[in-house]
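Undergrad: Please find one structure pasted underneath; my questions will follow.
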Amino acid sequence: GQNIDQPTEMTATEGAIVQINCTYQTSGFNGLFWYQQHAGEAPTFLSYNVLDGLEEKGRFSSFLSRSKGYSYLLLKELQMKDSASYLCAVRDSGGYQKVTFGTGTKLQVIP
Amino acid sequence: AAGVIQSPRHLIKEKRETATLKCYPIPRHDTVYWYQQGPGQDPQFLISFYEKMQSDKGSIPDRFSAQQFSDYHSELNMSSLELGDSALYFCASRLREDTGELFFGEGSRLTVL
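If you read the sequences in order, they're chains A and B.
Add 267 to the 1-based position in the first sequence for this note's numbering, that's all there is to it.
Add 33 to the 1-based position in the second sequence for this note's numbering, that's all there is to it.
Written out as structure tokens, the structure is:
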């Protein structure tokens with residue numbers, strides 16, 4: 268099974284940089300996803316890491332260390348619209364590749 | 034581009050009633066997932082299907098059942114509804130051979146009174 272931990276809440280200032288951490292313990296690993304979810308809406312895909320290292324996509328970057336069971340999502344030049352929950356999700360390495368979500372980090376961006 | 038379609042978007046039921054949610058995955062996607070998300074909670078995996086066969090089962094109550102049909106759409110059937118079943122139910126689909134990104138539908142909000 269999967270055990271995924273994230274901070275429950277974070278607050279950051281508009282224009283700043285924030286790092287959201289995710290640690291996981293898994294019996295099998297085949298990739299880690301980050302999703303953004305605004306209240307009452309569907310999660311939307313941000314990034315995917317399966318190998319160690321940093322993946323950059325515009326203002327968002329995601330890092331993975333498989334040996335440490337650790338990932339982070341880095342958000343730069345924060346905007347008010349970035350206020351949302353950020354979900355870390357891990358995919359099993361089993362045949363059917365179940366995707367399990369963490370508890371999510373609620374980010375509040377303040378002026 | 035076509036997205037995942039869920040219906041109904043909103044549903045209100047009484048306790049002990051039955052509800053059915055439908056999901057139409059993105060064309061060519063062969064895997065469907067169902068998630069339940071209570072207020073302020075993360076999405077909880079319920080069940081998944083690959084090529085119309087149940088592939089994985091999570092924290093789905095025995096009162097719930099699901100299936101995937103020949104046209105790849107899926108239905109989640111919930112019986113003997115309880116107040117605690119009030120939640121957003123998301124369906125997601127993906128093409129298994131791809132990187133595995135899940136594409137989510139807009140969700141079906143079930144309210145049990």
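Cβ coordinates follow ideal geometry from the N, Cα and C atoms, glycine included.
Any beta carbon from chain A within less than 7 Å of B:F137's own beta carbon?
TA: Judged by the 7 Å Cβ criterion, B:F137 is in contact with chain A.
Undergrad: How long is the line joining the alpha carbons of B:M111 and B:L54, rounded to whole angstroms?
TA: Rounded to whole angstroms, B:M111 to B:L54 spans 8 Å at the Cα level.
Undergrad: Which residues of chain A have a Cβ atom closer than 8 Å to the Cβ of B:E134, listed in chain order?
TA: Ordered by position in chain A, the residues that pass the 8 Å Cβ test against B:E134 are F300, F312 and Y315.
Undergrad: Which residue's Cα is closest to the Cα of A:V317: A:V285, A:G336 and A:A306?
TA: Answer by Cα proximity: A:G336.
Undergrad: Using 8 Å for Cβ pairs, my map puts B:D129 next to B:L135. What's the rounded Cβ distance?
TA: In the sequence as presented, Asp is not what sits at residue 129 of chain B; that position holds Arg. That belief does not hold up - the Cβ atoms of B:R129 and B:L135 are roughly 11 Å apart, past 8 Å.
Undergrad: Taking only beta-carbon atoms, is A:K365 less than 7 Å away from chain B?
TA: Yes, A:K365 lies at the interface with chain B (some Cβ there is under 7 Å from its Cβ).
Undergrad: Compute the Euclidean distance between the alpha carbons of A:A351 and B:Y83, then round it to the nearest angstrom.
TA: Rounded to the nearest angstrom, the two C-alpha atoms are 31 Å apart.
Undergrad: Using the Cα positions of B:D89 and A:Q364, report the straight-line distance between them to the nearest angstrom.
TA: Their Cα atoms are separated by approximately 8 Å.
Undergrad: At a CB distance below 7 Å, what residues from the segment 67-91 of chain B approach chain A? Give them in sequence order.
TA: Against chain A - using a Cβ distance shorter than 7 Å - the residues of the segment 67-91 of chain B are D75, P76, F78, S81, Y83, S88 and D89.
Undergrad: Quick one: any contact between the segment 106-125 of chain B and the segment 44-59 of chain B, if contact means 3 or more CB pairs under 8 Å?
TA: The segment 106-125 of chain B, when compared against the segment 44-59 of chain B, does touch it at the 8 Å Cβ threshold.
Undergrad: Going along the segment 114-132 of chain B in order, which residues come within less than 9 Å of chain A, judged by CB to CB distance?
TA: Here the close residues are L121, F123, A125, R127, R129 and T132.
Undergrad: Between which two residues does the beta strand (DSSP E) holding B:P40 run?
TA: With the sequence shown as reference, residue 40 of chain B is identified as Ser, and Pro is not the correct amino acid for it. Segment I38 to S40, the beta strand (DSSP E) holding B:S40.
Undergrad: Can you tell me whether A:T372 is buried or exposed? The criterion is at least 16 other CB atoms within 10 Å of its CB, across all chains shown.
TA: Its Cβ being crowded by 16 or more others within 10 Å, A:T372 is buried.
Undergrad: Write down the C-beta distance between B:Q87 and B:I80 rounded to the nearest angstrom, noting that I regard them as a contact closer than 8 Å.
TA: Sure, about 7 Å apart at Cβ, within 8 Å.
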